[in-house]
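Chemist: One structure, pasted below without further comment.
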Amino acid sequence: MNVLVTGGPAWEPIDGMRRLTNASTGALGARLAGALAAAGHRVTFLRGELASAVVPVVPVGMLETLPFGTNDDLSRRLEEWPDRGAIGAVFHAAALCDFRVAAARLADGTDCAAAKIPTRSGRVILELEPATKVLARLRAWFPGARLVGWKYELNGTRTDALAAAWRQLEEARTDACVLNGRAWGGGFALCEPPDRVVPFGDGAALAAGLVRWLETGPFPGARDHQETGTGST
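In this text, residue positions in the sequence shown follow my numbering: the first is -8, and each later residue adds one.
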């Protein structure tokens, strides 16, 4: 199967030298891309330029790595992908930016946009606006593919985190959502509608599980994990 995996951090420019980004290393995306390629799938790994995790060595011809920078850069690459109908699955694990810089001003309100904002200008105030969302566009671009999104939740309870995953699944029309972060607890959860939740203890287990999921479909009896409150450790 031809598979796309996105991973690693995006960035958004403040000026020509400085950027907004996040702490993602791209390790999970790299691990998943490697596991899928090792299982015999032809994988293209769209990897954030600032990712530091090493891409695994796999059989020749099974894994191609392409860089992306900003959210818009990744969006364009996916929208303009040649022969989108040949893609069987998209795993969108990239840590995209939630915001981008709309304006940069000095404390007195003067616009200070420049190739490099000088530090002698004093305090600089950045006005942020929501950055381009990619996940919600994937179904239109890849209507026949199996789509998996990611949801990283820090605030709230496990119930709150699951509610966010179900909301993403409904709004983005994806087939599954990988949930993690402090609100979920240790490890990861693979969420499938209407209420199936499968916990995984670490990234290696998740990658192996996603390969099985792609090849065999839903995990039998997985719903019990949510009902009994069993989490990953």
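The beta-carbon is built from N, C-alpha and C at its ideal position, and this holds for glycine as well. Since we're looking at a predicted model, the values are computed, not measured.
#1: Is it true that the CB of Ser15 sits closer than 8 angstroms to the CB of Gly25?
#2: Beta-carbon within less than 6 angstroms of Pro47's beta-carbon, same chain only, minus the 5 sequence neighbours each way: which residues are those?
#3: Are Lys142 and Leu170 close, meaning C-beta to C-beta below 8 angstroms?
#4: Hey, how far is the Cα of Arg158 from the Cα of Leu138?
#5: Between Ala30 and the rest of its own chain, which residues show a CB-CB distance below 8 angstroms, the 5 nearest in sequence each way excluded?
#6: For Arg214, does the three-state DSSP call read helix, strand or coil?
#7: Within the continuous beta strand (DSSP E) that includes Asn62, where are the two ends?
#8: DSSP puts Glu3 in a beta bridge; with which residues?
#9: Using a threshold of 7 angstroms, is the CB atom of Met8 nearer than that to any non-hydrogen atom of the ligand GDP?
#10: Does the count of Cβ pairs from the region 88 to 98 and the region 4 to 21 closer than 8 angstroms reach three?
#11: For Arg9, which residues from the same chain have a beta carbon less than 6 angstroms from its beta carbon, with the 5 sequence-adjacent residues on both sides left out?
#12: Apply the 10 Å Cβ neighbour rule to Ala167 and answer buried if 16 or more other Cβ atoms are within range, or exposed otherwise.
#13: Are the region 78 to 85 and the region 114 to 123 touching by the rule of at least three beta carbon pairs closer than 8 angstroms?
Modeler: Answer, in terms of the structure:
#1: In the sequence shown, counting from the first residue as 1, residue 25 sits at position 34. In the sequence shown, counting from the first residue as 1, residue 15 sits at position 24. No, Cβ-Cβ distance for Gly25 and Ser15 is not below 8 angstroms.
#2: Here residue 47 corresponds to residue number 56 of the sequence shown, with the count starting at 1. Cβ within range, chain order: Gly25.
#3: Looking up residue 142 in the sequence shown gives position 151. Looking up residue 170 in the sequence shown gives position 179. In contact: Lys142 and Leu170 (Cβ atoms closer than 8 angstroms).
#4: As a working mapping, residue 158 is identified with position 167 in the sequence shown. As a working mapping, residue 138 is identified with position 147 in the sequence shown. Going by the C-alpha atoms only, they are around 15 angstroms apart.
#5: Within the sequence shown, numbered from 1, the residue matching residue 30 stands at position 39. Counting only Cβ-Cβ distances below 8 angstroms, and skipping sequence neighbours, we find Val202 and Glu206.
#6: Counting from one through the sequence shown, the residue named residue 214 turns up at place 223. Interpretation of Arg214 is limited by its pLDDT of 48, a score under 50 that renders its predicted location unreliable; no figure is taken from the coordinates.
#7: Your numbering for residue 62 matches position 71 in the sequence shown. Boundaries for Asn62: no beta strand (DSSP E) harbours it, while the alpha helix (DSSP H) harbouring it runs Asn62 to Glu70, taken from the DSSP string.
#8: Within the sequence shown, numbered from 1, the residue matching residue 3 stands at position 12. According to DSSP, residue pairing for Glu3 in a beta bridge involves Leu11.
#9: Of the ligands one can find in the structure shown there are none, so the ligand GDP has no counterpart to examine.
#10: In short, these stretches touch, since the Cβ pair count reaches three.
#11: On the sequence shown, position 18 is the one that residue 9 refers to. Around Arg9: no qualifying Cβ.
#12: Translated into positions along the sequence shown, residue 167 becomes position 176. Buried.
#13: no
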